[in-house]
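Participant: If you scroll down you'll find the structure; I have some questions about it.
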Amino acid sequence: MTETLLDILSWGLLCLGGAFVLIGGIGALRLPGFYTRLHAASLTDTMATILIFTGMMLQAGFSLAALKLAAIMLFLLLTGPTASYALANAALQSGIEPDADRLGDDAGGGAR
Amino acid sequence: MYLAVSLAILVTMVLALVRALRGPTVYDRVLAVNMFGTKTALLLSVIAFLLGRPDFLDLALAYALINLVGILAVLEFFQNHTRGAQEPGHD
């Protein structure tokens, strides 16, 4: 019973993580402007990592593999937002402007 | 299910490579390469469970550490570069 529940839970987490990875990849390819692409890519860095690694840790149980998974997840969660922040900072200092007006108009047109 | 997740990660890696090749600015390329490195660690962990070989987790750990050092070094270079040059038209 508990096994089945854990299997279903980890299956759902893994599928959701895979969907997040795929959506973030498509967004990083297709969104307009650098900062929107950065947003899509950093989404996969944090949310998809948490979902996939939690799903695999549920499969691993209490073992050395779970500890290694936690270590990898910790490193990825430390590096992803740090790299995203440093990248956005470097891009802003080099003069790439966030094009808020045009994106706002586009988003409004899409919402209507 | 591991197969589906690893296929999704592989497709995303291909999309990141396309963005790295097409990226208009150098920051787009750095972003895509960073994403590629993160997805490498993720893919190695999933493959460890897909093949049932926990040894691959050590490889994923090594890739995560290398990615951390590499990306921070590249970004430090770019930040110093922009601060020193003070021109938007560099490279």
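For the protein sequence lines, the chains are V and B, in the order given. At position 94 of the first sequence (counting the first as 1) the number is 727 in our numbering, and the numbers step up by one without a gap. At position 58 of the second sequence (counting the first as 1) the number is 268 in our numbering, and the numbers step up by one without a gap. Positions of the beta carbon are idealized from the N, C-alpha and C atoms, including for glycine.
#1: Would you say residue 685 of chain V reaches chain B, if we count a Cβ-Cβ gap shorter than 9 Å as a contact?
#2: Please return the same chain residues whose Cβ sits closer than 8 Å to the Cβ of residue 667 of chain V, not counting the five positions on each side in sequence.
#3: Residue 223 of chain B and residue 648 of chain V - do their beta-carbons sit closer together than 9 Å?
#4: For chain B, find out if any of its Cβ atoms is closer than 9 Å to the Cβ of residue 695 of chain V; answer yes or no.
#5: Please state whether the Cβ-Cβ distance between residue 719 of chain V and residue 282 of chain B is less than 9 Å.
#6: For the alpha helix (DSSP H) that residue 640 of chain V lies in, which residues bound it at each end?
#7: Looking at residue 697 of chain V and residue 264 of chain B, is the spacing between their C-beta atoms short of 9 Å?
#8: My understanding is that residue 671 of chain V touches residue 241 of chain B, with C-beta atoms under 8 Å, so please give their C-beta distance in whole angstroms.
Facilitator: The relevant details are as follows:
#1: Looking up residue 685 of chain V in the first sequence gives position 52. At a cut-off of 9 Å between beta-carbon atoms, residue 685 of chain V makes contact with chain B.
#2: Taking the first sequence and counting its residues from 1, one reaches residue 667 of chain V at position 34. Closer than 8 Å at the Cβ level, and outside the excluded window around residue 667 of chain V, lie 724, 729.
#3: In the first sequence, the residue the question calls residue 648 of chain V occupies position 15. In the second sequence, the residue the question calls residue 223 of chain B occupies position 13. Their beta carbons are not under 9 Å apart, which means residue 648 of chain V does not touch residue 223 of chain B by this criterion.
#4: Within the first sequence, numbered from 1, the residue matching residue 695 of chain V stands at position 62. Answer no: the Cβ-Cβ gap between residue 695 of chain V and chain B never drops below 9 Å.
#5: Taking the first residue of the first sequence as 1, we reach residue 719 of chain V at position 86. Taking the first residue of the second sequence as 1, we reach residue 282 of chain B at position 72. Yes.
#6: Counted from its first residue, the first sequence places residue 640 of chain V at position 7. Start and end: 635-663.
#7: Against the second sequence, residue 264 of chain B aligns to sequence position 54. Against the first sequence, residue 697 of chain V aligns to sequence position 64. Yes, Cβ-Cβ distance for residue 264 of chain B and residue 697 of chain V is below 9 Å.
#8: Taking the first sequence and counting its residues from 1, one reaches residue 671 of chain V at position 38. Taking the second sequence and counting its residues from 1, one reaches residue 241 of chain B at position 31. Contact check for residue 671 of chain V and residue 241 of chain B: beta-carbon distance about 6 Å, within the 8 Å limit, so the pair qualifies.
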